[in-house]
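Numbering (the working numbering), first residue to last: 1053 to 1792.
Beta carbons: idealized from backbone N, C-alpha and C, even for Gly.
Owing to the predicted nature of the structure, the values given are computational and were not obtained by experimental measurement.
Take a look at the structure below.
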């Protein structure tokens, strides 16, 4: 048709239905499950407005609504025939036949299906997203026939449930609408799963009542963090109140069905819902949670008599002040498997965050290190590198990323080294042109592209990167004649709209960029760019062009990280702390092939024990003092000298993430990075060693481990024949079980 495919791809809106790593991980998992031939479904909410679009105005983040459905979404198919009711509010009646939840308000859940194709295997799975609809008699069935117009307008109240994504990453905001969203997705999904179970040959044994004994053999449900935790009491409600199963039987089936993945150890991110809110919105579920807790505490009291402190620590209900439900505790008690998302994180989960639970049932706790799909994060975003690899080791690595180890044979191959460097250079030139078009700054494509893209959060320490930029700037100005390895520092990411400090960090980076980029003494040696509206489609552009990947969270705070893996696979080197999956990346590639610096988890613990004193570092390190004094005195904000007072105050008096403690090690490590960058061949050889070691970080490997250790299903490499070829019915094998 004479159309350019790339131009067409630019027009399509991102489906920004998640915040950061959690939602992106789910997308990679769906791709891997389809590619591995698992009969799996991804369930979520079809938000009308996804993560906000970020605009930078005068250096500040400004949010705009993400009206991603404005031009329609060609990939989705509405399925009104599978619409389901979801109940809220009401009260509980206790009758001779059991509890009844009555006088509820009903919202309808309308499913939209999006196909998830496996890679070249003719398998297509389904992602089913629920949209909230008001029933047609909404506000009209009551006797208030008075205001018909207002009643119709009030339909919006019900439909607001799927209106907008809460934009917090690693932070819990206990709002009623958010709890409604969480229960909405859970209630609709469980009805859908049970309908499918009953319609299968396994559920239809008894004409009167379904036998649910085989349920956990046919259904596995993975809880992606605690956000769908209400699924546990909801499945119990269905089994006990509706299907009339005895409690113990229902609980046994429920536990065997669920497994829980923990994604963060930050205390402010853990979900703790006020009891009175749950009582108002979901009264029957609160009763069930109390019952689960009672039996749970009775069990612990029998094992540890008179240990009231242990009972308090392990209760699902937190007393003191407003009573709250600890959703992580509910997930642990109601699941047969609990996992962290990197080795170091799973250890912290076991030995610190949930140590009492791990002492009770050590076999329940596992590790499943995260991964990324090589289809999107190599083939699609970096075709030049993907093809170069295929020329050397064949095309099979796309489905079996462990084959990348074969690249070790070519680490001394001069031609291959040159070709890898050439692909990187081409990607950098292309991205530099994009930056010049979007940001009107001249970029030196031979400079080192130093990239720090992720959600803006204190624990991710964009501030430490900022201090390094200021330090480089001061060194250039102090000695303009000295050899300096040119850098383009690119920082990007969104701050939660209510997170004041994160927004100040964005403003500071932009203020520093303004000074650095307009100082003639610096010229092309150092450029700083804040990448506006960082999102998946922008990640696909910047990651293949990156030389240095910044993964500098305080040790023990980043559960895994997945951006780190994307950069490694795309030929960037990593500067990072021993945190999250960085630890395993260093293990795979050899620590000498990453730029590892700073405190380990033990050092952070020790520093907490003795008390972190930021002032000490400020006084000991002249370059740090100079940088902080510049920020504090208004060097970067002359029109408003005390603009960054809050930031400086935080760094001195309540920096939970100890930026100053790692500053010196970070600067020294960055000097080693610059030194290696001068030797292009040595740099590229290290790049090749990294790519060759990236195989472990495929989400295919991660999903195989979930399938084997948690879901108990077998991946199938059977290639289903395409629809245009006749099928032998004997080969029409049904897969044993489904995963939701």
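First through last residue of the alpha helix (DSSP H) which encompasses residue i
i, result
"residue 1637", "1634 to 1641"
"residue 1706", "Segment: none, residue 1706 is in no alpha helix (DSSP H) and carries neither H nor E."
"residue 1674", "1674 to 1685"
"residue 1284", "1283 to 1289"
"residue 1409", "1407 to 1412"
"residue 1756", "1751 to 1758"
"residue 1514", "1514 to 1530"
Classification of residue i by the beta-carbon crowding that lies within 10 angstroms, buried from 16 upward
i, result
"residue 1667", "exposed"
"residue 1737", "buried"
"residue 1123", "exposed"
"residue 1512", "buried"
"residue 1479", "buried"
"residue 1118", "buried"
"residue 1459", "buried"
"residue 1208", "exposed"
"residue 1328", "exposed"
"residue 1055", "exposed"
"residue 1426", "buried"
"residue 1472", "buried"
"residue 1286", "buried"
Where the beta strand (DSSP E) containing residue i begins and where it ends
i, result
"residue 1160", "1157 to 1169"
"residue 1735", "It is not in any beta strand (DSSP E) - residue 1735 instead sits in the alpha helix (DSSP H) that spans 1732 to 1744."
"residue 1137", "1136 to 1140"
"residue 1112", "1112 to 1116"
"residue 1312", "1310 to 1313"
"residue 993", "Look at the range of the chain in this structure, 1053 to 1792, and you will see that residue 993 is not part of it."
CA-to-CA distance, residue j to residue i, given in whole angstroms
i, j, result
"residue 1525", "residue 1447", "45 Å"
"residue 1700", "residue 1685", "10 Å"
"residue 1505", "residue 1601", "9 Å"
"residue 1784", "residue 1248", "Because the pLDDT of residue 1784 is 42, which lies under 50, any placement of that residue in the model is unreliable, and the question is left without a value."
"residue 1164", "residue 1203", "26 Å"
"residue 1199", "residue 1492", "56 Å"
"residue 1787", "residue 1770", "Below a pLDDT of 50, predicted positions are generally treated as unreliable, and residue 1787, at 44, falls in that range; the measurement from the model is reported next regardless. Going by the C-alpha atoms only, they are around 11 Å apart."
"residue 1356", "residue 1095", "40 Å"
"residue 1310", "residue 1242", "12 Å"
"residue 1170", "residue 1086", "4 Å"
"residue 1279", "residue 1639", "32 Å"
"residue 1088", "residue 1767", "5 Å"
"residue 1139", "residue 1316", "30 Å"
"residue 1567", "residue 1578", "11 Å"
"residue 1380", "residue 1229", "20 Å"
"residue 1650", "residue 1656", "10 Å"
"residue 1632", "residue 1608", "7 Å"
"residue 1350", "residue 1368", "13 Å"
"residue 1689", "residue 1527", "20 Å"
"residue 1083", "residue 1761", "20 Å"
Nearest neighbour of residue i, chosen from the options [CA to CA]
i, options, result
"residue 1681", "1559, 1522, 1248, 1322", "1522"
"residue 1333", "1227, 1451, 1349, 1482", "1227"
"residue 1240", "1161, 1457, 1384", "1161"
"residue 1293", "1623, 1752, 1148, 1354", "1148"
"residue 1143", "1313, 1299, 1153", "1153"
"residue 1390", "1777, 1763, 1771", "1763"
"residue 1545", "1225, 1221, 1642, 1299", "1221"
"residue 1070", "1470, 1277, 1056, 1109", "1277"
"residue 1596", "1503, 1679, 1572, 1671", "1503"
"residue 1732", "1285, 1185, 1476, 1593", "1476"
"residue 1172", "1264, 1560, 1612, 1451", "1451"
"residue 1306", "1290, 1329, 1130, 1318", "1290"
"residue 1765", "1273, 1235, 1463", "1273"
"residue 1697", "1323, 1265, 1557, 1500", "1557"
"residue 1423", "1440, 1658, 1614", "1614"
"residue 1146", "1335, 1168, 1324", "1335"
"residue 1497", "1528, 1540, 1532, 1534", "1540"
"residue 1158", "1130, 1344, 1190, 1179", "1190"
"residue 1618", "1188, 1722, 1429", "1429"
Sheet register partners of residue i (DSSP bridge)
i, result
"residue 1099", "Bridge partners of residue 1099: none, in fact."
"residue 1324", "1378"
"residue 1600", "1502, 1625"
"residue 1105", "1116"
"residue 1143", "1154"
"residue 1551", "Its beta-bridge partners do not exist; DSSP assigns none."
"residue 1661", "According to DSSP, residue 1661 bridges with nothing at all."
Any C-beta of chain B under 9 Å from that of residue i
i, result
"residue 1778", "Of the chains in the structure shown, none is chain B; there is only one protein chain."
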